[in-house]
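Here is the structure we will look at, set down as structure tokens.
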Amino acid sequence: MRVSSGRVLVTGASRGIGRAVVAHLVECGARIAAVGRDEEALMQVARISSRQVTAVVGDLAREHERELLVGHAAEALGGLDGVVHCAGLVKYEPVGTMTPQALEMMWRVNQLAPTLLSQEAARIMVQQGHGGSIVTVSSTLAERPAPSTVGYAGTKAALEATTRGLAKELAARSIRVNAVAPGVVDTDMVRQPRVAPGTQVPVGAERDRMVAEQLEALAYLHPLGRLGNAAEVAELIVQVLDAEWMTGSVVTLDGGLSL
């Protein structure tokens, strides 16, 4: 596929990296089906370009909604050339307090949904007869888990393995599958206060102070001295989506975090 004329489904499109991917794809001339749970936020994303962006509301954690998303997107766009899996869920839980419910929810959103959506997208791409491109969004935590991220890191490690497996199996159909693994990116997800289980989340100025300290500590971990931003990650994702001789790769963009 060529991004400039592509029809692309983007999950997690209502905010963060997903929203930035939609904006960058619009600049490139693509047509996008923007998928997300928050209808109001998704409508704002669709207003980036009412001609190029179609909002598709759905919850990837719900099986009956997930099964319909790719078909709705392909119908709205008149076909499907690319998929970018940006939707993600993280719950910071120490090993001693991890719950099956949290683990299952992260697994559904971070691994199961991209796998099954890719399966359906590949079926459509094969029917069209001209291949396509799929990009998953992983994390440097897949290879270097941090405390309280065991569940999340596990889902991302599984996603990277799935990405490589899909790439190998779908290459004969001219469908490329790659992953982008960012370091810590300054998004709403990262700006949530991290408190011990059972501890009340602070509000007002105390909350702002806690978040500022968290961001400063996270930035310090990156040799380049700052967090990433959604726009620069989106730019790389679109480059990978468009790269015609790349498949099965995991591309890291992390300010040196993994050094």
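Quick note, our numbering runs 307 ahead of the 1-based positions in the sequence shown. Glycine included, every Cβ here is placed at the ideal spot set by N, Cα and C. The structure displayed is predicted, hence computed values, not measured ones.
Query	Result
DSSP on G343, reduced to helix/strand/coil?	strand
Quick check: the Cα distance between A347 and D366, rounded to an integer number of angstroms?	The amino acid at residue 347 is misidentified as Ala; the sequence shows Glu. Distance between the alpha carbons of E347 and D366: 14 Å.
Assuming A394 contacts T318 (C-beta within less than 8 Å), just tell me the rounded distance between them.	4 Å
Any chance the segment 505–512 sits against the segment 458–465, with 3 or more Cβ pairs inside 8 Å?	no
Going by beta carbon distance, what residues of the same chain come within less than 8 Å of M405, once the five residues before and after it are set aside?	V457, G458
Pull up the DSSP beta-bridge partners for I441, would you.	V390, V484
Any idea what DSSP makes of T404, helix, strand or coil?	helix
In this structure, how does DSSP classify L316 when only helix, strand and coil are distinguished?	strand
Pop quiz: A368 and V416 are said to be a contact at Cβ under 8 Å. What is the actual Cβ separation, rounded to whole angstroms?	5 Å
What residue does the alpha helix (DSSP H) around T254 start on, and which one ends it?	Shown here, the chain extends from 308 to 566; a query on residue 254 therefore has no answer.
If I follow the unbroken alpha helix (DSSP H) through T422, where does it start and stop?	420–435
Looking at the secondary structure, which residues open and close the beta strand (DSSP E) in which D384 lies?	A small correction: the amino acid at residue 384 is Leu; Asp does not occupy that position in the sequence shown. From DSSP, L384 is part of no beta strand (DSSP E) but of the alpha helix (DSSP H) over 370–384.
Going along the chain, which residues of its own chain have a beta-carbon closer than 8 Å to the beta-carbon of S565, five neighbours each way excluded?	T447, E450, R451, G490, T559
To the nearest angstrom, how far is it from the Cα of V333 to the Cα of G472?	30 Å
Compute the Euclidean distance between the alpha carbons of L522 and V497, then round it to the nearest angstrom.	8 Å
Excluding the 5 residues preceding and the 5 following L396 in the sequence, name in chain order all residues of the same chain whose CB lies nearer than 7 Å to its CB.	M412, M413, V416, N417
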